Each structure stands twice: as structure tokens, then as C-alpha cells.
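Colleague: In this text, residue positions in the sequence shown follow the numbering used here: the first is 111, and each later residue adds one.
A single structure is presented below for examination.
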Amino acid sequence: MAGTSRSESRVGLLNGFAAYGMWGLVPLFWPLLKPAGAAEILAHRMVWSLAFVGVALIVVRRWAWAGELLRQPRRLALIAVAAAFITVNWGVYIWAVNSGHVVEASLGYFINPLVTIAMGVLLLKERLRPVQWAAVGIGFTAVLVLTIGYGQPPWISLTLAFSFATYGLVKKKVNLGGVESLAAETAIQFLPALAYLLWLGGRGEATFVSEGAGHAALLAATGVVTAIPLVCFGAAAIRVPLSTLGLLQYLAPVFQFLLGVLYFHEDMPPERWAGFALVWLALTLLTWDALRTARRAARTLRSERTSPSTTMPTGTVSAVRKADSVSSGAEPLEPAPSAAEPLDSPAAKP
């Protein structure tokens, strides 16, 4: 059993590295789709993503969730809201990469956990620990430093971070699995996206046919580029602890940042380095505090298990057990983590 568990953990880690690695390297893909503009690329991504996940769901015969969703107007409305925010997130990201703003786009995914925590406090009335408050304060200072460095607020980063965080908040309410959620969201996006592509074609401005078969294949591959990392993430999520995935999630913006600096040769004056350093400090504090809290909760639960005569309030036991599952990875991940302990929703990835 122990050997099987170790093997499963290795498989989970490999899938986690694969998922976040692909998300981190995706800035290399979007420029290949030029001369298509960001809006055309976005529309193709919506259309082909639905086609890909639709085929996948047919193969595995997972359609029961769709009938349940159609009978729940409130969840359908939330899916529509999520689709709107993911449309903004995808569109801005594609435009940023193809316009030479890869570093600023990576910053959006670095600060996303801080924005998620801030939204948890403001909208969900969640209480933060002192270290979390410190991390949010340092993150706010970083944005001010970067505003000075850019000569204006880093609107690309802020748009990506806030659209991503809002998307995650809505997804928490919907509570739908990653592939199913992507299928539902792209189903809502499909008709507007297809109508836009037909309109472009009618004006003679669509590149899908005019630029040759290779270009058309690359545009169709946007569905694969969207869905394959999500499949790998799903395989990782059921095999490794949430705390491990929480660390792996930083691989994507790290890769994007390195690509922006080393491959795309974007400028990094001293004030931008200072702003990024503050963001990284805030994330280091946030990660350290999350790991420390998970370990402490796990020790508390183990102590409670070895002392059966000690009674604890039901809510405390439940919270501790949840923290223990985060630390040990014994239970599968929920599709929508708490805003106070953020983990990026995979469908929202660039």
C-alpha cells in the first residue's frame, strides 16, 4: 500500500508540474497565431475548447451533471457570470502577450492570491491572520511602487488578477468540476464567439482560411492548449495535497516572468524589480503562513485522535480535519478552495 501511495504521489506531482509548466510556457504559443488579432484568437479558443471538452465528455460518458445544471437557474446564472469574467481574463492575457507585455501579465498571476484574500475579507467577511494582513499590505505597496515604475497603474496585471479572483469567487458558489465547468462556460461563450468569427469572415478579415492550413490548425489547437493542462491538473488534484498544489501554482507566473525577461527581452528597470521583489516577499509570507497553519492543525488533530476522552466542539473538529486533509492529501480536493487559502482555478489559467 505504501508503495502504491508513493507511486500515486509521483504521478500526481508529474501531472502538477506538467499542468503548471504548460500554463507557464503558453506565452510561446499565442504569438504563433499572428496575424490573427487577440479577439479572433479568443473566439477560436472558446469555440475549439468546447469542441475538445465535448468530445472528451462523450468518450467518458459524463453528462449527468449537465441535466442537473439545466434544472438550476441560479447555478446557470453564476456560470454565465463566470464565463464573462474568464472571457475578460483570456482576452486581456492573449492581447498582453502578443503586444509585448508578458512580464506585466505574469505579475497579474503573482498578485492574484493577494487579491483573492482581499476579496475574501471585503466580500465574504473572512478574518485574516496577522501574517496574511502583512502580505496584503506588502502587496499593496508593491502595486504603488510598480505604478511609479510604469508611470501608470499596472492595469494589465490588475485586470488579470481581479478578473481571475472574481472568477474564482463565482466558481466557489457554483461548485462544479474543472472539465465540466469549462464545458459549461464555453457552451455559453460558443454562440457569441461563433457569430463573431462568421462576422469576421463576412468582412473578409478572418485569418482562419486566408493564412493557410497550418495557421488554421494552430487556431484549432487553442482548444487543446486550453484543455490538456486542465486534464493534468485534475490528475494532480486527486493525488497530491492542496499545500503542494499551492506551491506548484507559482511555477506558471515564474515561467512567464522568465520568458518575458530572457526570451522576449522586455525592459525591467530598477523600480520594476523593486515592485516584483515586494510581491515575491508577500507571497513568501503567505505560503509560509499557510504551511505553518496546516502543520499546526494536523498536529492538533493527531493529538485529538490519540486522546479520545478529550472532547472538542464539532466545528473545531471539522476545521482541524479539513486542515489535516490539506496537509496529508488523504482526501480529494474540492473544486473551489476558500478565498482565504487561494488556489487558482484551472479553467481560468492563461
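All residues carry an ideal CB built from backbone N, CA and C; glycine is no exception.
Remember, predicted model here, so these are calculated numbers, not experimental data.
Where are the alpha helix (DSSP H) runs, 4 residues long or more, that stay fully inside the stretch 210 to 266, in chain order?
Modeller: For the stretch 210 to 266, whole alpha helix (DSSP H) runs of length 4 or above, ordered along the chain, are 212 to 234, 240 to 260.
Colleague: Here's the rule I'm using: 16 or more other beta-carbon atoms within 10 Å means buried, otherwise exposed. How should Leu254 be labelled?
Modeller: Residue numbering aside, residue 254 sits at position 144 when the sequence shown is read from its first letter. Exposed, because fewer than 16 other Cβ atoms sit within 10 Å of the Cβ of Leu254.
Colleague: If you reduce the DSSP assignment to three classes, tell me which class Tyr306 lands in.
Modeller: One-based indexing of the sequence shown puts residue 306 at position 196. Tyr306 falls in the helix class under three-state DSSP.
Colleague: Work out the CA separation of Arg237 and Leu135 for me, nearest whole Å.
Modeller: As a position in the sequence shown, residue 135 is number 25, starting the count at 1. As a position in the sequence shown, residue 237 is number 127, starting the count at 1. C-alpha separation (whole angstroms): 35 Å.
Colleague: Given this structure, state the Cα-to-Cα distance separating Ser115 from Gly126, to the nearest angstrom.
Modeller: By 1-based counting over the sequence shown, the position of residue 115 is 5. By 1-based counting over the sequence shown, the position of residue 126 is 16. Rounded to the nearest angstrom, the two C-alpha atoms are 16 Å apart.
Colleague: When you compare only the Cα positions, how much space is there between Ile338 and Thr276?
Modeller: By one-based count along the sequence shown, residue 338 stands at place 228. By one-based count along the sequence shown, residue 276 stands at place 166. Whole-angstrom Cα-Cα distance: 24 Å.
Colleague: Do the stretch 252 to 272 and the stretch 168 to 176 meet, that is, are 3 or more Cβ pairs less than 8 Å apart?
Modeller: The stretch 252 to 272, when compared against the stretch 168 to 176, does not touch it at the 8 Å Cβ threshold.
Colleague: Between Val371 and the rest of its own chain, which residues show a CB-CB distance below 8 Å, the 5 nearest in sequence each way excluded?
Modeller: Against the sequence shown, residue 371 aligns to sequence position 261. Within the same chain, Val371 has close Cβ partners Val213, Met378.
Colleague: Report the rounded CA-to-CA distance for Ala149 versus Gly344, giving the unit in angstroms.
Modeller: Position 39 of the sequence shown, counting from 1, holds the residue named residue 149. Position 234 of the sequence shown, counting from 1, holds the residue named residue 344. Their Cα atoms are separated by approximately 28 Å.
Colleague: Buried or exposed for Glu315, please, with buried defined as at least 16 other CB atoms from any protein chain shown within 10 angstroms of its CB.
Modeller: For the purposes of this step, residue 315 is taken as residue 205 along the sequence shown, with counting starting at 1. Glu315 should be labelled exposed.
Colleague: Taking just the CA atoms, how far does Tyr306 sit from His154?
Modeller: The sequence position of residue 154 within the sequence shown is 44, counting from 1. The sequence position of residue 306 within the sequence shown is 196, counting from 1. Whole-angstrom Cα-Cα distance: 10 Å.
Colleague: If you draw a straight line from the C-alpha of Gly201 to the C-alpha of Trp265, how long is it?
Modeller: If you number the sequence shown from 1, residue 201 lands on position 91. If you number the sequence shown from 1, residue 265 lands on position 155. So the two alpha carbons sit approximately 14 Å from each other.
Colleague: Can you give the Cα-Cα distance for Leu123 and Asn208, rounded to whole angstroms?
Modeller: Here residue 123 is taken as the residue at index 13 of the sequence shown, counted from 1. Here residue 208 is taken as the residue at index 98 of the sequence shown, counted from 1. When rounded, the distance between both Cα atoms is 31 Å.
Colleague: How long is the line joining the alpha carbons of Ala450 and Trp398, rounded to whole angstroms?
Modeller: Here residue 450 refers to the residue found at position 340 of the sequence shown. Here residue 398 refers to the residue found at position 288 of the sequence shown. No answer about Ala450 holds up, because its pLDDT of 39 lies below 50 and its placement is not dependable.
Colleague: I believe Ala215 touches Ala228 by the beta-carbon criterion, under 8 Å. Please report the beta-carbon distance rounded to the nearest angstrom.
Modeller: Position 105 of the sequence shown, counted from the first residue, corresponds to residue 215. Position 118 of the sequence shown, counted from the first residue, corresponds to residue 228. In fact, because the Cβ distance is near 20 Å, the residues do not count as touching under 8 Å.
Colleague: How would you write the range of the alpha helix (DSSP H) that Val371 sits in, first residue to last?
Modeller: Start at 1 with the first residue of the sequence shown, and residue 371 comes out as number 261. Val371 -> no alpha helix (DSSP H), and no H or E assigned at all.
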